[in-house]
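Asks: Numbering (our numbering), first residue to last: 27 to 184.
This is how it looks when you write it as structure tokens:
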């Protein structure tokens, strides 16, 4: 079944695209939720007009996100954590920790956009990608540093 998507649908396509889907998926999911239209000549004309305006809007959004990407590419976050002998840290640094650190720097990034397959658990430097806009990504640098807490020094009497 051929349909025209009215909204972005994950793993199917983006708004305005004409895609072929299974008939049941189209009839039972996409059409009732108004996520797509059946391909007809009148719908094709209407979508053509919408795509022209959408293209302009998408390009403007993309340009506005380029500034954010450039600023995020310059960000370096450092986390001081206690670590064991083999550089395994006690606990981990998760996407939530990265979001909090970015919030403190004035960036409003959704935690789900931070691409971290699993929390960071070893000392070292990491490049962590952040989804900004469709295929555009920024990359922040994250350093995990060992906490060099010195043992309590003996008090000296003078």
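Yeah, the Cβ is synthetic: ideal placement off N, Cα and C, and Gly gets one too.
1) For residue 147, does the three-state DSSP call read helix, strand or coil?
2) Could you check the C-alpha separation between residue 97 and residue 120 for me, to the nearest Å?
3) Taking the alpha carbon of residue 173 as the reference point, which residue from 128, 107 and 139 has its own alpha carbon closest?
4) Where residue 52 and residue 76 are concerned, what is the direct C-alpha to C-alpha distance, given to the nearest angstrom?
5) Around the C-beta of residue 36, are 16 or more other C-beta atoms found within 10 angstroms, so that it is buried, or is it exposed?
6) Whole angstroms is fine: what's the gap from residue 103's alpha carbon to residue 34's?
7) Take residue 109 and list the residues in its own chain whose beta-carbon comes closer than 6 Å to its own, dropping the five residues that flank it on each side.
8) Expressed to the nearest angstrom, what Euclidean distance is found between the alpha-carbon atoms of residue 167 and residue 142?
Replies: The relevant details are as follows:
1) Three-state result, residue 147: strand.
2) It is roughly 21 Å from the alpha-carbon of residue 97 to the alpha-carbon of residue 120.
3) With distances taken between Cα atoms, residue 173 lies closest to 107.
4) So the two alpha carbons sit approximately 21 Å from each other.
5) Residue 36 comes out exposed.
6) Their backbone Cα atoms lie some 33 Å apart in a straight line.
7) Residues 115, 149 and 172 of the same chain have their beta carbon placed closer than 6 Å to that of residue 109, with the five preceding and five following residues left out of the count.
8) Annotation: residue 167 to residue 142 spans about 13 Å, alpha carbon to alpha carbon.
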